[in-house]
Structures are given as structure tokens and as C-alpha cells.
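In order, the protein sequences belong to chains G and U.
Under UniProt numbering, the first residue of the first sequence is numbered 1, with each subsequent residue one higher.
Under UniProt numbering, the first residue of the second sequence is numbered 1, with each subsequent residue one higher.
Glycine is no exception: its CB is placed at the ideal position from the N, C-alpha and C atoms.
What follows is a single structure, written as C-alpha cells, with notes after it.
Number of protein chains: 2
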Amino acid sequence: MPVEVIQTKRLFQQVFEQLAELIGKGEFPLGKRLPAERDLARQLGVSRATVREAMIALELSGLVEVRVGSGIFVVAERAAGPALTPQQDLGLGPFELIEARRMVEGEIAYFAAQQIQDSDLETLEAALRLMEHEHAEGFQSERGDRAFHLAIAQATRNNALIKMVEVLWDLREASPMWAKLHERVRAAQVRPASLDDHRRIIEALRQGDPALARSTMDVHLRRVADDLLRISEAEFAGEVGAEERQRGRRAVGR
Amino acid sequence: MPVEVIQTKRLFQQVFEQLAELIGKGEFPLGKRLPAERDLARQLGVSRATVREAMIALELSGLVEVRVGSGIFVVAERAAGPALTPQQDLGLGPFELIEARRMVEGEIAYFAAQQIQDSDLETLEAALRLMEHEHAEGFQSERGDRAFHLAIAQATRNNALIKMVEVLWDLREASPMWAKLHERVRAAQVRPASLDDHRRIIEALRQGDPALARSTMDVHLRRVADDLLRISEAEFAGEVGAEERQRGRRAVGR
DNA sequence: CAGATAAATTGGCCTGACCACCTGATAGCT
DNA sequence: AGCTATCAGGTGGTCAGGCCAATTTATCTG
């Protein structure tokens with residue numbers, strides 16, 4: 001049974017979202033001054049400190065500009081979400097991403113194994129621990145996963161390769177279809193085999209065995225692709241396009 | 001007279017930047033817990049409210065994750081920030097780029113050969129003609145070159161892979177060192193062997209021979225790396241760092 | 001040794017206060 | 001009247017201290 005994730009959002013986040021929505025709706029037009037922090041706090045029934053924290057979030061989102069002694073002013077009309085997607089590459093399908101990752105990250109693992117250092121291995125261990133913690137807590141987040149694969153790229157000491165992996169993960173985070181499928185995969189397994197995969201990858205890298213590192217990485221990504229494919233065939237028969245699923249089958253070799 | 005802009009940065013921003021820098025430097029490694037808010041406040045000489053505001057900024061920047069009752073943990077190593085320099089990746093060296101391209105584009109060529117269509121081949125021919133024209137006119141531009149390699153990526157019908165190649169070329173265009181070296185290479189040869197390389201790549205793709213396509217691509221990129229290395233050793237002995245050149249030697253296998 | 005319980009730690013939130021700054025109105029001067 | 005200097009009120013910036021709930025750690029008990 002997929003456990004319902006209880007979102008005990010912090011107060012300032014709720015305030016932030018509410019204000020962001022109002023700004024997006026035009027309730028607070030561009031250039032207009034927001035109510036004073038003290039008034040907002042009273043109206044919202046929270047403390048001024050909480051309002052201030054929400055303001056910082058709004059400011060960092062580029063929705064608002066703070067003028068000391070004068071007030072807080074709306075400087076954008078768009079409704080910025082938590083992570084607004086700058087581009088429309090959103091059509092990126094899960095299997096496209098996995099396919100690309102297999103090509104790129106497999107080679108990167110091969111390369112990384114040749115020159116990995118102890119500090120890199122420590123980073124990888126930390127990332128793995130983070131993943132385990134995230135999984136134990138039922139987090140949706142995949143920061144640990146991202147950090148792990150990024151750490152491997154960083155072990156190559158090649159900034160272009162690091163950038164490649166960053167871009168791949170950015171694309172991944174911007175793909176709604178990926179999020180949807182992956183959420184189902186997550187809910188369907190108690191302890192994801194991925195954790196063991198990652199451990200094996202670390203070991204291969206520790207041994208400095210390039211071929212083993214590449215094949216271990218490939219096995220891992222193949223498993224991910226396979227999980228995604230299975231879920232997509234079982235539950236999203238109509239939604240995930242036939243083309244995508246065809247790509248998926250090819251990706252896992254069946 | 002340019003007026004000096006007085007930056008009365010708010011305290012929480014200063015705290016944010018300082019912590020972000022420490023994280024970026026690895027002072028607080030991935031997965032590590034930050035000092036408690038109360039301790040940080042005491043050490044920094046600010047109030048806890050200010051530290052909390054900085055924490056929210058760090059969290060929104062994706063550098064840090066808050067676990068209630070447990071602590072605040074580092075979840076990324078990059079030094080991201082709003083007011084920070086957009087990117088200092090510009091220091092990307094030519095051999096880093098070539099290295100990455102050999103990994104990525106070789107595989108892409110292999111993959112593209114399996115499913116390339118006539119329309120793709122036409123695009124490639126057009127790109128090659130553009131390259132020849134550019135060379136004949138003595139253009140500095142490399143639009144033809146870029147279009148050629150991008151077309152191969154597009155033949156894979158995989159948007160993630162296309163994006164990879166785009167990013168690699170964007171990085172290349174943003175690399176001053178690359179521009180410098182490549183200009184010398186261009187000046188040193190009458191008819192670049194690259195043109196023949198590209199033609200061979202097209203033929204390999206037309207035959208739908210994945211292995212041949214990959215190896216042909218690899219030969220091409222290796223030649224580029226070799227040219228760059230030769231020039232860098234001959235003319236830029238002092239400027240191009242020893243590390244970069246070492247990477248270059250490894251890239252061309254000598 | 002294992003499990004239950006208590007204590008310490010940590011982030012979340014609140015209250016009330018003081019300061020520096022900005023703005024607009026007012027008083028004073030030319 | 002027209003201009004300037006002053007001042008009062010509002011606003012964000014910061015601080016100190018406190019309570020609560022979640023979590024971790026230490027302690028006790030069987």
C-alpha cells in the first residue's frame with residue numbers, strides 16, 4: 001500500500017505559496033506594494049518572522065523586490081512555482097533520458113574508475129547514505145541519487161563531463177512524465193535494488209576497475225529502465241505513448 | 001564619474017553567501033550536518049532569526065536540507081547562489097571538451113547509424129557543404145561544424161542526446177582557450193583533414209554501420225585533439241597549463 | 001543484551017522591542 | 001509664493017528570549 005506522504009509544510013512555505021498565487025492571479029499587480037509585514041502577519045495569523053521568511057523566498061524567486069524603509073514591491077507577474085521550468089523541453093520522455101544516461105554515464109564511470117581518489121569515494125559514500133535516509137523517510141526527493149551520479153562525474157576531473165551529468169539531471173527534474181513513472185516505481189518496492197546497485201558501483205570504482213564500473217553502471221541504469229517500463233506497461237497503458245514504450249523496450253533489450 | 005554602489009547587503013545575505021562558499025569549498029562536505037542554528041548565530045555574532053533566514057535561502061538554492069529535530073544537512077556541493085557569478089565554467093579547457101565529445105559523440109554516432117533516415121543524411125550533406133564554404137571563405141565561424149554534429153544527434157530522435165550535443169557546443173563557444181587554439185590550428189592548415197573526416201562519417205552513417213560510424217567519429221575527434229595538442233605544445237608552452245596538456249596527451253593516446 | 005524511558009538537542013514558531021531608512025507633511029526662511 | 005530644512009510616522013532589518021514538537025542520545029530496567 002503506497003503510504004500517503006504527509007506534507008507538514010512549514011508555515012513560511014504556505015505563506016510563500018499563497019502570496020505567490022495572489023501575485024500570479026494579479027491580486028497584487030506589477031509594481032504594487034504589498035501590505036506591510038506587520039499587517040500581513042496579523043491578517044495571516046502568523047508571526048512577522050514567518051512572513052519575513054516567506055518574503056525571502058519570494059525575493060529569491062524573483063517575484064518581489066524589497067526596498068528598505070519603503071516596502072516590498074511586486075516585480076514580476078508570473079506565478080513562479082518551486083522550481084519554474086525555464087524551457088519547454090518538457091516533452092522529454094523517461095526512456096530518452098535513460099538511454100542518454102546509459103551512453104554518457106557508463107563511459108563516465110569507466111573513465112572515473114581510472115583516476116578516482118579517496119575523497120571522491122567518501123563523497124560517494126555520503127551520497128549513498130543520503131539516499132538511504134531519503135528512502136527511509138519516504139522522501140520524494142532524489143538529491144542523494146543526483147549527488148551520487150554527479151560525484152562520479154566529478155571524479156573524472158573533467159568539467160565538460162560534469163556539466164553533461166548536471167544537464168541530464170536537470171532535464172530529468174523537469175520531466176513530469178519521469179516524475180510520474182518514478183513515483184510509481186518507488187511506491188512499488190520496499191527497498192529499491194538501486195541502493196545495492198549504487199553500492200556495487202562504489203566498489204567497482206574503489207577497485208579502480210574501469211570495465212567493471214561501466215558494466216555495473218549499465219546494469220543499474222538498465223534496471224531503472226526496466227522498472228520504468230514494467231510500470232508504464234502495467235499502469236499507464238494509455239497515457240505513455242507507444243513510441244516511448246517502444247523506445248523503452250529497446251532500452252532494456254527485450 | 002561612475003558612482004560607487006554602496007551595497008548595504010542584508011545580514012542574512014552575507015551569512016548565506018559565507019555558508020554557500022564554505023559548502024562549495026568542501027568545508028561542509030556533502031551529507032554533513034551544519035552546526036546548530038543557535039551555535040551558528042553565536043559564532044557569527046548574529047541573531048538566530050538571521051541565521052534562519054539564511055538557511056531558507058540555502059534551502060531554496062538546493063544546497064541544504066532541513067530535518068526537523070535533527071539538523072541541517074548539506075545536499076549539494078556546488079556553490080549555487082542568486083547573486084553569485086552565473087558560471088565560472090568558462091575556464092573549460094579544449095581537451096576537456098574533446099574528451100567529453102569523444103565519449104558522447106562516439107556513442108551517439110553508433111546509435112544514430114542504426115536509425116538514420118534519408119532526410120538526416122541530406123541535412124548532413126548540407127552541413128558539410130556549409131563547412132566547405134566557410135573554409136573557402138576563410139570564415140571563423142563553425143556553424144557548419146556545429147550543424148553537422150547536431151544533425152547526427154538529431155538522427156537519434158533522442159531529445160536528451162540532442163541536448164547533450166547542444167550543451168557541449170555551447171560550452172565550446174564559451175571557451176576562450178578553445179577559440180584561441182582552434183584559430184591557430186585553422187591558420188596552420190590549407191585544407192583541414194576534418195572535411196574528409198566528416199565525409200567518411202556521413203558514409204559510415206549512410207551504410208548504417210554503427211561500429212564504423214563510431215570509430216570514424218572517434219578518429220575525427222582524435223585528430224582534432226591531436227591538432228590542438230601539437231599547436232599548444234608549439235606555441236602556447238607557457239600559457240596552456242601543464243595539466244591541460246597532460247590531459248591532451250592522454251586524449252590522443254601518446 | 002534488548003527494549004522502554006528520560007534527558008538533551010534541534011528546528012519551528014511566537015512575542016516584543018529597538019534601530020536605520022524612506023517618505024511625506026510641516027514649519028521656517030528667502 | 002516658492003523653496004528648504006526638519007520632523008514624525010511607517011517600513012524593513014535585526015535582536016533577545018521563550019515555548020513547542022520532532023528527533024536523537026543517554027539512561028534505566030527487565
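Short CB-CB distance (under 8 Å) between residue 217 of chain U and chain G: no
Does the beta carbon of residue 30 of chain G sit closer than 8 Å to a beta carbon anywhere in chain U? no
Supposed close pair residue 28 of chain G, residue 74 of chain G - CB separation, criterion 8 Å: 5 Å
Is it the case that the Cβ atoms of residue 53 of chain U and residue 52 of chain G are separated by a distance below 8 Å? yes
Proximal chain U residues relative to residue 164 of chain G, where beta-carbon distance stays under 8 Å: 100, 104, 164, 167 and 168
In the structure shown, what three-state DSSP assignment does residue 74 of chain U receive? strand
So, with DSSP's three-state summary, where would you put residue 65 of chain U? strand
Exposure of residue 171 of chain G, with buried meaning 16 or more beta-carbon neighbours within 10 Å: buried
Alpha carbon to alpha carbon, how far is residue 40 of chain G from residue 16 of chain U? 25 Å
Close Cβ partners of residue 33 of chain G (< 6 Å) along its chain, the five nearest in sequence each way excluded: 71 and 73
For residue 10 of chain G, three-class secondary structure by DSSP: coil
According to DSSP, residue 33 of chain G sits in a beta bridge with which residue or residues? G:73
At the level of alpha carbons, what is the spacing between residue 166 of chain G and residue 62 of chain U? 14 Å
From U:175, U:174, U:148 and U:173, pick the residue whose C-alpha is nearest to that of residue 162 of chain U; which is it? U:148
Inter-stretch contact at 8 Å, needing at least 3 Cβ pairs: the region 119-137 of chain U / the region 194-209 of chain U: yes
Taking the straight line between their C-alpha atoms, what separation do you get for residue 86 of chain U and residue 55 of chain G? Only weak support is given to the placement of residue 86 of chain U: the predicted model assigns it a pLDDT of 33, under 50, and the question is left unresolved by the model.
Might you give, ordered along the chain, the residues of its own chain that have their beta carbon closer than 8 Å to the beta carbon of residue 154 of chain U, omitting 5 neighbours on each side? 120, 123 and 162
With a threshold of 16 other CB atoms inside 10 Å of the CB of residue 94 of chain U, please say whether the residue is buried or exposed. buried
Note down the Cα distance separating residue 144 of chain G from residue 130 of chain G, rounded to an integer number of angstroms. 5 Å
So residue 176 of chain U is in the alpha helix (DSSP H); what residue range does that whole segment cover? 176-188
So for residue 28 of chain U, helix, strand or coil by DSSP? coil
At 9 Å on the CB atoms, spell out the chain G contacts of residue 221 of chain U, in chain order. Simply none; closest approach about 13 Å.
Grab me the residues of residue 101 of chain U's own chain with a C-beta within less than 7 Å of its C-beta, minus the 5 sequence neighbours each way, in chain order. 168 and 221
Endpoints, alpha helix (DSSP H) assigned at residue 159 of chain G: 159-173
Could you pull out every residue in the same chain whose Cβ sits closer than 7 Å to the Cβ of residue 210 of chain U, ignoring the five residues on either side in sequence? 110, 113 and 114
Is it buried or exposed, residue 133 of chain U, if we count other Cβ atoms within 10 angstroms and call 16 or more buried? exposed
Among the candidates U:150, U:217 and U:173, whose CA atom is the shortest distance from the CA of residue 160 of chain G? U:173
Sequence-distant residues of its chain with Cβ nearer than 6 Å to residue 23 of chain G (five each side left out): 63 and 74
For residue 182 of chain G and residue 66 of chain G, what's the separation of their Cα atoms in angstroms? 39 Å
From U:20, U:106, U:185 and U:156, residue whose alpha carbon lies closest to that of residue 118 of chain U: U:156
With 16 other Cβ atoms within 10 Å as the buried cut-off, status of residue 227 of chain U: buried
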